[in-house]
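**Q** One structure, pasted below without further comment.
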Amino acid sequence: MTVYGFHASHEQVPPADLLAAVVRAEGAGFTAAMCSDHFSPWSVRQGESGFAWSWLGAALQATDRIPFGVVNAPGQRYHPAIVAQAIGSLAAMYPGRFWAALGSGEASNEHITGDRWPRKDVRNARLRECVDIIRALLRGEEVSHDGLVTVDRARLWTRPETVPPLVGAACSEATARWCAEWADGLITVNAPRETLRRIVEAYRSAGGVGRLHLQVHLSWAPDLESAQELAHDQWRTNVHGPPASWDLDSAELFDNVSEHVSADRVAESVNISNDLGRHAAWLQEYADLGFDTVMLHHVGKEQNAFIDAFGAKVLPQLDVTRPPAAVAEGVR
């Protein structure tokens, strides 16, 4: 059976409101949660960018059981030793309830350091170095490293008894296949079903282990027109695939290139319907593709009505389960 979780979008919702929302989601029947880790929103209209790691500590404390994940990009905005320290502390405080997905990042968040934004192949190589550094630190090793990142005699003094999963973030078959070399699981975002099927197959056929996570963008309102307007307002900047999504470096630029994006184009990236049964059917299709965890991201800024409606009418239609007792299943 599949775990259905709540995605907390820091780009759209103030941290205090997002904290209340995830507590509400747990009470409504969502059995997991995750959040983004951005310095900048995708659009000026979204208008937020709370600090994920502060929020995660509060959210893990405020909820009772559900595990949390975060998608992070080590190597530029974050030094990998700091990422390892953050992961280690949360996993030590909340055993079995935390995992981190690691990706190569986007310029909109990483350019703030003033460092040059590298080519994609260099970013992947840098990420691979960071993964090895983070793993070694979480194992208790002292790490020195000279490469695309530099580490000098780093050691984690506070570590969890069990190293949490380090999940690979991928939006293409090629990246999914590459993640299979090092990741304890895979996370991707919703796309046409055949695209998702190929990503799953690429990861598994290359020997990829662990759980498969999917972040699903959706828009629901009691009437279809409102759901469509909400999705177009909040998520039309997110229809652009790589390299634009990697390389545009400000919310203003995303807004500029998205000025004439149509509602139909948004519907290719967001599940839009006022029919809760239709949403349930979409979610079941993702489970049938082999995803172990499906994280629901309602693309509106107001979350309560969505949480209540899906908790009452959608989750009961699905084979909802809780995650394994230890989310570290499959750790290398």
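Taking this note's numbering, I'd label the letters of the sequence shown as residues 14 to 345.
Quick reminder that beta carbons are idealized off the backbone N, C-alpha and C, glycines included.
Which partner residues does D159 have in the DSSP bridge list?
**A** Along the sequence shown, one-based indexing puts residue 159 at 146. Partner(s): T163.
**Q** Quick check on the DSSP output: the beta strand (DSSP E) that includes Y347 runs from which residue to which?
**A** The first residue shown for the chain is 14 and the last is 345, placing residue 347 beyond what the model contains.
**Q** Rounding to the nearest angstrom, what Cα-Cα distance links L69 and V162 in this structure?
**A** The residue you call residue 69 lines up with position 56 of the sequence shown. The residue you call residue 162 lines up with position 149 of the sequence shown. Going from the Cα of L69 to the Cα of V162 covers about 26 Å.
**Q** Of the residues T250, A280, V279, P255, which one's Cα is nearest the Cα of L266?
**A** Within the sequence shown, the letter at position 253 stands for residue 266. Ranking T250, A280, V279, P255 by Cα distance to L266 puts T250 first.
**Q** How do the stretch 276-293 and the stretch 144-154 stand: do at least 3 beta-carbon pairs fall below 8 Å, yes or no?
**A** With a cut-off of 8 Å, the stretch 144-154 and the stretch 276-293 do not count as touching, because too few Cβ pairs lie within range.
**Q** Please list the terminal residues of the continuous beta strand (DSSP E) segment that includes H311.
**A** By 1-based counting over the sequence shown, the position of residue 311 is 298. Its beta strand (DSSP E) spans residues 306-311.
**Q** Alpha carbon to alpha carbon, what distance is there between W66 and A99?
**A** Indexing the sequence shown from 1 puts residue 99 at position 86. Indexing the sequence shown from 1 puts residue 66 at position 53. The alpha-carbon atoms of A99 and W66 are separated by roughly 7 Å.
**Q** Taking Cβ positions, are Y17 and L331 nearer each other than 8 Å?
**A** The residue labelled residue 17 in the question sits at position 4 within the sequence shown. The residue labelled residue 331 in the question sits at position 318 within the sequence shown. It is a contact, given that the beta carbons lie within the stated cut-off.
**Q** Check whether the stretch 173-184 and the stretch 192-205 are in contact - that is, three or more C-beta pairs closer than 8 Å.
**A** The answer is yes - the stretch 192-205 touches the stretch 173-184, with three or more Cβ pairs under 8 Å.
**Q** Would the C-beta of E154 count as close to the ligand SAM, meaning under 7 Å from any of its heavy atoms?
**A** Because no ligand of any kind appears in the structure shown, any question about the ligand SAM cannot be addressed here.
**Q** Between M308, H124, C143, D30, which lies nearest to A167 when the distance is taken from Cα to Cα?
**A** On the sequence shown, residue 167 is found 154 positions in, with the first residue counted as 1. Looking at the Cα atoms, C143 is the closest of the given residues.
**Q** Between M14 and the rest of its own chain, which residues show a CB-CB distance below 6 Å, the 5 nearest in sequence each way excluded?
**A** Taking the sequence shown and counting its residues from 1, one reaches residue 14 at position 1. Here the set comprises D332, T334.
**Q** Beta carbon of L302, beta carbon of R210: below 8 Å?
**A** Along the sequence shown, read from residue 1 onward, the residue named residue 302 stands at position 289. Along the sequence shown, read from residue 1 onward, the residue named residue 210 stands at position 197. In contact: L302 and R210 (Cβ atoms closer than 8 Å).
**Q** With respect to the beta strand (DSSP E) encompassing L227, which residues constitute its N-terminal and C-terminal limits?
**A** On the sequence shown, position 214 is the one that residue 227 refers to. It spans 224-232 - the beta strand (DSSP E) in which L227 sits, taken as one unbroken run.
**Q** Of the choices L289, A318, L150, D305, whose alpha-carbon is the least far from that of T44?
**A** One-based indexing of the sequence shown puts residue 44 at position 31. T44 has its Cα closest to that of D305, out of L289, A318, L150, D305.
**Q** Taking Q228 and K314 to be in contact with their CB atoms under 8 Å, please state how far apart those CB atoms are, rounded to whole angstroms.
**A** Taking the first residue of the sequence shown as 1, we reach residue 228 at position 215. Taking the first residue of the sequence shown as 1, we reach residue 314 at position 301. Their Cβ separation, rounded to whole angstroms, is 18 Å, which puts Q228 and K314 out of contact at 8 Å.
**Q** From G254 to R110, what does the alpha carbon distance come to, in whole angstroms?
**A** Taking the sequence shown and counting its residues from 1, the one referred to as residue 254 is at position 241. Taking the sequence shown and counting its residues from 1, the one referred to as residue 110 is at position 97. About 31 Å.
**Q** Is V83 closer than 8 Å to A41 when the C-beta atoms are compared?
**A** Here residue 41 is taken as the residue at index 28 of the sequence shown, counted from 1. Here residue 83 is taken as the residue at index 70 of the sequence shown, counted from 1. No, the Cβ-Cβ distance between A41 and V83 is not below 8 Å.
**Q** Could you pull out every residue in the same chain whose Cβ sits closer than 8 Å to the Cβ of V252, ignoring the five residues on either side in sequence?
**A** Within the sequence shown, residue 252 is the residue found at index 239, counting from 1. The answer, listed in chain order, is S271, V274, R278, V279, E281, S282.
**Q** Which residue from T76, R141, E298 puts its Cα closest to that of A46?
**A** Taking the first residue of the sequence shown as 1, we reach residue 46 at position 33. The shortest Cα separation from A46 among T76, R141, E298 belongs to T76.
**Q** One question on the structure: do S232 and A240 come within less than 8 Å of each other, judged by their Cβ atoms?
**A** The sequence position of residue 232 within the sequence shown is 219, counting from 1. The sequence position of residue 240 within the sequence shown is 227, counting from 1. Contact: yes.
**Q** Use the C-beta contact count for F64: other C-beta atoms within 10 angstroms, 16 or more gives buried, fewer gives exposed.
**A** By one-based count along the sequence shown, residue 64 stands at place 51. By the neighbour-count rule (16 or more Cβ atoms within 10 Å), F64 is not buried but exposed.
**Q** Tell me whether the beta-carbon of V36 lies closer than 8 Å to the beta-carbon of Q316.
**A** In the sequence shown, the residue the question calls residue 36 occupies position 23. In the sequence shown, the residue the question calls residue 316 occupies position 303. Not a contact, by the Cβ cut-off of 8 Å.
**Q** If H230 and N203 are in contact, beta carbons under 8 Å, what's the gap, nearest whole angstrom?
**A** Within the sequence shown, residue 230 is the residue found at index 217, counting from 1. Within the sequence shown, residue 203 is the residue found at index 190, counting from 1. H230 to N203, Cβ: 6 Å. Contact.
**Q** Rounded to a whole number of angstroms, what is the C-alpha to C-alpha distance between D262 and R139?
**A** Position 249 of the sequence shown holds residue 262. Position 126 of the sequence shown holds residue 139. Rounded to whole angstroms, D262 to R139 spans 19 Å at the Cα level.
**Q** By the 10 Å Cβ neighbour count, where 16 or more other Cβ atoms means buried, how is P87 classified, buried or exposed?
**A** Translated into the one-based positions of the sequence shown, residue 87 becomes position 74. Buried.
**Q** Just verifying my parser: in three-state terms, what is the DSSP assignment at P87?
**A** Here residue 87 is taken as the residue at index 74 of the sequence shown, counted from 1. Strand at P87.
**Q** Please classify I212: does DSSP put it in a helix, a strand, or coil?
**A** Within the sequence shown, numbered from 1, the residue matching residue 212 stands at position 199. If DSSP states are grouped into helix, strand and coil, I212 belongs with the helices.
**Q** Can you tell me which residues form a DSSP beta bridge with M47?
**A** Taking the first residue of the sequence shown as 1, we reach residue 47 at position 34. According to DSSP, which records beta bridges pairwise, M47 is partnered with H20, G82.
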